[in-house]
Structures are given as C-alpha cells and as structure tokens.
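Protein chains in written order, with the numbering used here: chain A, 1 to 113; chain B, 1001 to 1112.
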C-alpha cells in the first residue's frame, strides 16, 4: 500500500547549525508534498510545501527539495534556533480524487542552545 | 472564518461507553478527514469524506463510524470505547482545488 518513510526519528543540532529531514514515498501518483511542524499539545501547522512540477522551494530559513525520480523529498532548516524545536512531519498526497495524505512517522528536532 | 473547529477538547470515557466527536468547518471545503495520533506517533487516517453523503474508510477505521449529512459537519462516532482508542483526534479539511489541509485543534480522548 501507500507508504511514506521519514528519517531520522530524532535529531539534535546545535543552535545555528543546519538540520535535514528526509522522506521517501511509494505512490507514483503523489504530486503534493507538505511539511508540518507540531509543537507539544498543538495541531500540525503547515510550514512549507512543494508540488511535483518544482524541484526546490525556499522560504527564509527553510527549504524543501524534491527528487521525483527517486521519490525522495527533504526538509532543510538553516541557522536553527531553539524555537525550531518540535516534531516535523512530512506527507505525500495526490490531487486526483480524494486528496488523502499519507504522513511520515515524524522527526523530533531538538535545537541545543 | 473560524476554520476547522472540534468539540470537545478533552474527554474521559469508561470502557464500553459511546461518544461523538464533533467537527465543523466554515470554509465550504468538500474534503474532510479524521486522524488519530497516538503518543509520540504520526497521524493515522480513520475516515474521510469527499462531499456530503460520501464517506470512506482510511487506514484504521475499526471501532469508528462517520456521517456527512452537510458540507460543514463531519462527526466521528465511537461505539463501545476501548483503551486502545485513547488518542488525540484531529479533524482536517481541504478545499479541493489546492491540496493544503487545515487542521482543527484536536480532541484528547482517554478511555479508562
């Protein structure tokens, strides 16, 4: 069935360093790839997304890259800050039919001051 | 717009009790979803709906039922609650012409 694998499950970085989280999807029909940040006790919040007709997208300190051939996409956070500490989820979705999301299992990012 | 709203925020059930989790969106979105998130885990799709009167099962539908009589409302029914249903439940919606899912604030359910 459809699956999204996410790595690593936990990631600790020093403040100011970069963090990279990687996801792999299985459904070739997937064409929309969002990343969500979830703080403790809160709902997931969209931080960046990318469509399959684009290879890279950047928004200030965060960027997402997509390799359709390899079915990989990655989240890059530069100049990390303590407030970046949270759980990050990737997801894959198709715009045809149901718009269902398949979520990765999450990465707990800790930014050490 | 209030976006996606959920009630209640918290609930404690005894084993075997039933309850309905309410979800409402005021964005006129056709697509709505129910997820559960167990502690330290990702989101699992329970049920979804592509429009009023149409619902379908997700990854983990057992023990739950849904209905979609209006575009705005998508209630989730738990019959015969079990400890395994202790989780945080999120409702979400999508417009359909763009993929972004909007999440409600969640309902934290404990079954004892």
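By construction, the Cβ of each residue, glycine as well, lies at the ideal position given by its N, Cα and C atoms. All values reported here derive from a predicted model rather than from experimental measurement.
Excluding five sequence neighbours on each side, which residues of the same chain lie with their C-beta closer than 8 Å to the C-beta of residue i?
i: residue 49(A); result: 32, 33, 34, 35, 57, 64
How would you label residue i, buried or exposed, when you count the other beta carbons within 10 angstroms and need 16 or more for buried?
i: residue 54(A); result: exposed
i: residue 1082(B); result: exposed
i: residue 14(A); result: exposed
i: residue 51(A); result: exposed
i: residue 1021(B); result: buried
i: residue 1154(B); result: Given a span of 1001 to 1112 for chain B in the structure shown, any question on residue 1154(B) remains unanswerable.
i: residue 84(A); result: buried
i: residue 45(A); result: exposed
i: residue 1016(B); result: exposed
i: residue 67(A); result: exposed
i: residue 999(B); result: What the structure shows of chain B is the stretch from 1001 to 1112, and residue 999(B) is not part of that stretch, so it cannot be assessed.
i: residue 1025(B); result: buried
i: residue 1042(B); result: buried
i: residue 113(A); result: exposed
By Cβ distance, which residues of its chain are closer than 7 Å to residue i, with the 5 residues on each side in sequence left out?
i: residue 79(A); result: 16, 61
i: residue 99(A); result: 93
i: residue 1057(B); result: 1047
i: residue 1052(B); result: 1068, 1069, 1070, 1071
i: residue 1005(B); result: 1024, 1104
Say whether chain A places a C-beta atom closer than 8 Å to the C-beta of residue i.
i: residue 1050(B); result: yes
i: residue 1031(B); result: yes
i: residue 1090(B); result: yes
i: residue 1042(B); result: yes
i: residue 1076(B); result: no
i: residue 1045(B); result: yes
Among residues of its own chain, excluding the 5 on either side of residue i, which ones have a beta-carbon nearer than 6 Å to its beta-carbon?
i: residue 76(A); result: 20, 63
i: residue 1106(B); result: 1088, 1090
i: residue 1012(B); result: 1110
i: residue 1059(B); result: 1044, 1045
i: residue 110(A); result: 12, 85
i: residue 7(A); result: 22
i: residue 10(A); result: 108
i: residue 1077(B); result: 1020, 1065
i: residue 1095(B); result: 1029
Quick one: is residue i near chain B, going by C-beta distance under 8 Å?
i: residue 32(A); result: yes
i: residue 104(A); result: yes
For chain E, is any of its Cβ atoms less than 8 Å away from the one on residue i?
i: residue 107(A); result: This model lacks chain E altogether, as its protein chains are A and B.
(message) Beta carbons nearer than 7 Å to chain B: which residues of the stretch 68 to 102 of chain A have them?
(response) 89, 93, 95, 98, 99, 100, 101
(request) Select from the stretch 37 to 58 of chain A all residues with a C-beta closer than 9 Å to any C-beta belonging to chain B, and list them in chain order. (result) 38, 41, 42, 43, 44, 45, 46, 49, 51
(request) Check distances from the C-beta atoms of the stretch 1094 to 1106 of chain B to those of chain A and list, in chain order, the residues that come in under 8 Å. (result) 1094, 1096, 1099, 1100, 1101, 1103, 1104, 1105, 1106
(message) What are the residues in the stretch 1055 to 1072 of chain B lying within 7 Å of chain A by C-beta distance?
(response) none
(request) Starting from the N-terminal side, write out each stretch of the beta strand (DSSP E) that is 3 residues or longer and does not extend beyond the stretch 38 to 99 of chain A. (result) 45 to 51, 56 to 59, 62 to 67, 72 to 77, 86 to 93
(request) Return the chain-ordered ranges of every beta strand (DSSP E) run that is complete within the stretch 1014 to 1081 of chain B and spans a minimum of 3 residues. (result) 1019 to 1025, 1031 to 1037, 1043 to 1051, 1054 to 1057, 1064 to 1066, 1076 to 1078
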